[in-house]
Structure formats: C-alpha cells, structure tokens
Amino acid sequence: TEAAAGEAPPSGNVTLAGGKFRGIAHETVGRAAVVKLESGERKLTLTGFETDAGPDLFVYLVAGGKAEDTDAHKNLGSLKGNKGNQQYTIPAGVDLGRYDTVVIWCRAFSVAFGAAELSAV
Numbered sequence: 004t005e006a007a008a009g010e011a012p013p014s015g016n017v018t019l020a021g022g023k024f025r026g027i028a029h030e031t032v033g034r035a036a037v038v039k040l041e042s043g044e045r046k047l048t049l050t051g052f053e054t055d056a057g058p059d060l061f062v063y064l065v066a067g068g069k070a071e072d073t074d075a076h077k078n079l080g081s082l083k084g085n086k087g088n089q090q091y092t093i094p095a096g097v098d099l100g101r102y103d104t105v106v107i108w109c110r111a112f113s114v115a116f117g118a119a120e121l122s123a124v
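Using the working numbering, the letters of the sequence shown correspond one by one to residues 4 to 124.
In structure tokens form, the structure reads like this:
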C-alpha cells in the first residue's frame with residue numbers, strides 16, 4: 004500500500020498477508036503471516052502454531068489454494084518444530100502474488116498435515 008499525499012510511508016515491519024491454520028490430515032492450529040521487514044526481507048511467521056509430530060515435515064507456499072496440490076509450490080524448508088512460534092525466510096525472487104496458501108507437508112507420505120490460506124491485510 005502507498006501512503007496518501009502528505010503521509011509518511013509506514014516504517015518498521017509490515018504484515019502483507021495472513022491466515023488461520025486448519026487441519027487436513029492432522030489437527031493443525033495457529034496463524035501464518037507474511038511480514039516485510041524494514042530491511043526489505045520477507046518472512047513467513049507462524050504464531051500459536053501446533054500440529055502433530057511427523058516425519059519429513061516441510062513448510063510450502065502453494066499456488067491456487069489447494070493444499071493437496073503441491074505441484075506448484077515453493078519449499079521454505081523443514082518445519083522447525085511441531086509447536087511454537089517460528090519464522091522462515093521467503094527468498095527475494097518468490098512472487099507472493101502467485102502463492103496464496105501455506106502448507107505443512109509430509110514428504111514421506113505425500114500428505115498435507117494442515118494449511119493456512121493467506122489474505123492480504
């Protein structure tokens with residue numbers, strides 16, 4: 004968003020999008036948010052997050068709102084833990100207009116544990 008005439012642009016961290024997790028194959032709760040830092044770097048933050056423990060869990064950004072369709076995805080890395088607040092760096096080249104869902108994906112069993120659809124804030 005741009006500042007109106009005469010207003011200073013926002014400083015500090017700015018939340019660009021967010022959404023609540025829902026369980027799919029496993030109960031998953033908490034919130035996901037895309038935050039642009041003052042430095043310009045973008046982070047995916049998970050807060051109040053909890054899901055079941057599982058093998059080979061990853062955090063994906065998925066296009067098209069279909070959590071189970073991970074053909075068009077961006078892998079942000081291994082899930083840091085099944086409980087608690089955490090952050091993942093979103094690489095500079097990732098077009099956030101393309102990806103609208105955060106998915107906790109079990110690569111070992113090709114199943115989505117949970118997902119959060121992102122809406123602009």
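Idealized CB from N, CA, C, for every residue including glycine. From a predicted model like this one, the values you see are computed outputs, not experimental measurements.
{"Check": "Nonlocal neighbours in the same chain, by C-beta distance under 8 Å from Leu-79, ignoring five residues either side", "Outcome": "Leu-47, Phe-61, Val-62, Tyr-63, Leu-64, Tyr-91, Thr-92 and Ile-93"}
{"Check": "Identity of the residue in Trp-108, Ala-35, Ala-123 and Thr-104 nearest Phe-52 by Cα", "Outcome": "Ala-35"}
{"Check": "Collapsed DSSP secondary structure at Ala-28 in the structure displayed", "Outcome": "coil"}
{"Check": "Boundaries (first-last residue) of the beta strand (DSSP E) holding Ser-81", "Outcome": "76 to 81"}
{"Check": "Inter-residue CB distance, Ser-122 and Gly-21 (contact presumed, cutoff 8 Å)", "Outcome": "7 Å"}
{"Check": "Exposure of Gly-189, with buried meaning 16 or more beta-carbon neighbours within 10 Å", "Outcome": "Here the chain comprises residues numbered 4 to 124, so residue 189 is not present and cannot be evaluated."}
{"Check": "Chain-order list of residues whose beta-carbon lies under 6 Å from that of Asp-103 (same chain, five-residue window excluded)", "Outcome": "Gly-68 and Leu-121"}
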